[in-house]
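Colleague:
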Amino acid sequence: GAGVSQSPSNKVTEKGKDVELRCDPISGHTALYWYRQSLGQGLEFLIYFQGNSAPDKSGLPSDRFSAERTGGSVSTLTIQRTQQEDSAVYLCASSPGPNSPLHFGNGTRLTVT
Amino acid sequence: EDQVTQSPEALRLQEGESSSLNCSYTVSGLRGLFWYRQDPGKGPEFLFTLYSAGEEKEKERLKATLTKKESFLHITAPKPEDSATYLCAVQAAENAGNMLTFGGGTRLMVKP
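Going down the list, the sequences are from chains B and G.
Going by my numbering, the first residue of the first sequence is number 1, and it counts up by one from there.
Going by my numbering, the first residue of the second sequence is number 1001, and it counts up by one from there.
#1: Hey, does T1065/G have any beta-carbon neighbour from chain B nearer than 8 Å?
#2: The beta strand (DSSP E) spanning T1049/G covers which residue range?
#3: Please list the terminal residues of the continuous beta strand (DSSP E) segment that includes L1070/G.
#4: Taking one C-beta from the segment 1092-1106 of chain G and one from the segment 1009-1021 of chain G each time, how about it: are there three or more such pairs within less than 8 Å?
#5: Buried or exposed: which applies to Y33/B, given that a residue is buried once 16 or more other Cβ atoms fall within 10 Å of its Cβ?
#6: Looking only at C-alpha atoms, which of E1015/G, T1049/G, F1102/G sits nearest to E978/G?
#7: For V112/B versus Q84/B, is the C-beta spacing smaller than 8 Å?
#8: For P1078/G, count the other beta carbons within 10 Å of its own beta carbon; 16 or more makes it buried, fewer makes it exposed. Which is it?
#9: State whether the segment 1054-1073 of chain G contacts the segment 1018-1030 of chain G, with contact taken as three or more CB pairs (one from each stretch) at a distance under 8 Å.
#10: Pick out the complete beta strand (DSSP E) segments inside the segment 17-49 of chain B, 3 residues or longer, and give them in chain order.
#11: Just grab the DSSP bridge partners of E1056/G for me.
#12: Nearest CA to the CA of S62/B: which residue from Y48/B, H29/B, T78/B?
#13: Quick one: grab the DSSP three-state call for E1081/G.
#14: Where does D1002/G sit, in a helix, a strand or coil, going by DSSP?
#15: Using CA atoms only, rank isn't needed, just tell me which of K11/B, L39/B, G40/B, Y35/B is closest to L46/B.
#16: Out of V1027/G, A1064/G, P1040/G, Q1038/G, which one is the CA nearest neighbour of T1049/G?
#17: Let me make sure I understand the geometry here. Which of T108/B, K17/B, T30/B has the alpha-carbon closest to that of A88/B?
#18: Consult DSSP for E1094/G and reduce its assignment to one of helix, strand or coil.
#19: Could you tell me whether any Cβ in chain G is nearer than 8 Å to the Cβ of S95/B?
#20: What's the gap between the Cα of L60/B and the Cα of T1085/G?
#21: Go ahead and pull the three-state DSSP assignment for Q83/B.
#22: Report yes if the CB atom of Y1025/G is closer than 8 Å to the CB atom of V1090/G, and no otherwise.
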C-alpha cells in the first residue's frame, strides 16, 4: 500500500523567504509527527497531531515555525523568514495509534542559501 | 528527560563478520523501544519494537534484545546490503503523544 508521501523532495530557498512542506500520511493513521534531521544530528521532534489538533508543539524551535493538519489527513509545516540554520531534512511520520511504530516518509531536504 | 545514546557512531565490518550495536537509554517508564534502519536519502524504516526486559525479536540476520538499561542489535554474518544507519528510539509511558526520542544512530558499513 501507499506509504507516507512528502513534497517537495528538495527545496532550495533564499534566506528570509517562507516555505511550505507537505505531508500525506498513510490512510487511516490518526497520529502525525514532524521531525527534523540535521547533518550529523539525530532526529529532533518538532510537533505531533492527533486528528486535526496538535496537543504537543513543544519541539517547534521558534515562532517562525507552524504546522496545521486538515481533514485528519494532510499536514503542512510552514517556516517563515527562513534562516540558514533551518537547513535540514524535514521528516513526516504517521501512526495508527498507541504502541504502534511510526512510519516515515522520505523527507524534504531544505537548503536555505 | 528521556535520553538515548548509541554506540559506536560508525562500524566497519567485513562480510560475514558478526557484531553488535548498542543503545543505552534513560526514560521515565518505557512503553517501547524501537529499532529503525535508514538508507541515504530515505526515511527511517521500521525494524523492531521491544516492550519489556528479556524480550528478543529476529528478522533475517538481525536480532534485537532488551534489558532495563540498554538494547542490542546483533548482526549475524552481515552482507553488504546491510550497510545503513541503524537508529534506536524510545517511547515513554507518560508520553500521551507516543512520540519517539531518537539516538544519534550507528552507521554500519559492510565490505565484501
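By construction, the Cβ of each residue, glycine as well, lies at the ideal position given by its N, Cα and C atoms.
Note that this is a predicted model, so its numbers are computed, not measured.
Modeller: Quick answer:
#1: Output row for T1065/G: interface = no.
#2: Element bounds for T1049/G: 1045-1050.
#3: Per the sequence presented here, residue 1070/G reads as Glu, with Leu not at that position. Boundaries of the beta strand (DSSP E) harbouring E1070/G: 1070-1075, taken from the DSSP string.
#4: Judged by Cβ distances under 8 Å, the segment 1092-1106 of chain G makes contact with the segment 1009-1021 of chain G, as three or more pairs qualify.
#5: Buried is the call here.
#6: Residue numbering for chain G in the displayed model covers 1001 to 1112; residue 978/G lies beyond these limits and cannot be assessed.
#7: Between V112/B and Q84/B, the C-beta spacing is below 8 Å.
#8: With 16 or more other Cβ atoms within 10 Å, it is buried.
#9: Put simply, the segment 1054-1073 of chain G touches the segment 1018-1030 of chain G. At least three CB pairs are less than 8 Å apart.
#10: Segments of the beta strand (DSSP E) lying fully in the segment 17-49 of chain B: 19-24, 31-37.
#11: DSSP, once it has assigned bridges, lists T1065/G as partnering E1056/G.
#12: Shortest Cα-Cα distance from S62/B to any of Y48/B, H29/B, T78/B involves T78/B.
#13: Helix.
#14: Reduced to three states, the DSSP call for D1002/G is coil.
#15: The shortest C-alpha separation from L46/B is found at Y35/B.
#16: Checked all of V1027/G, A1064/G, P1040/G, Q1038/G; the closest Cα to T1049/G is A1064/G.
#17: Considering only alpha carbons, the answer is T108/B.
#18: Three-state result, E1094/G: coil.
#19: Yes - at least one Cβ of chain G is within 8 Å of the one on S95/B.
#20: Distance between the alpha carbons of L60/B and T1085/G: 25 Å.
#21: Here Q83/B sits in coil by DSSP.
#22: Going by beta carbons, Y1025/G and V1090/G fall inside the 8 Å limit.
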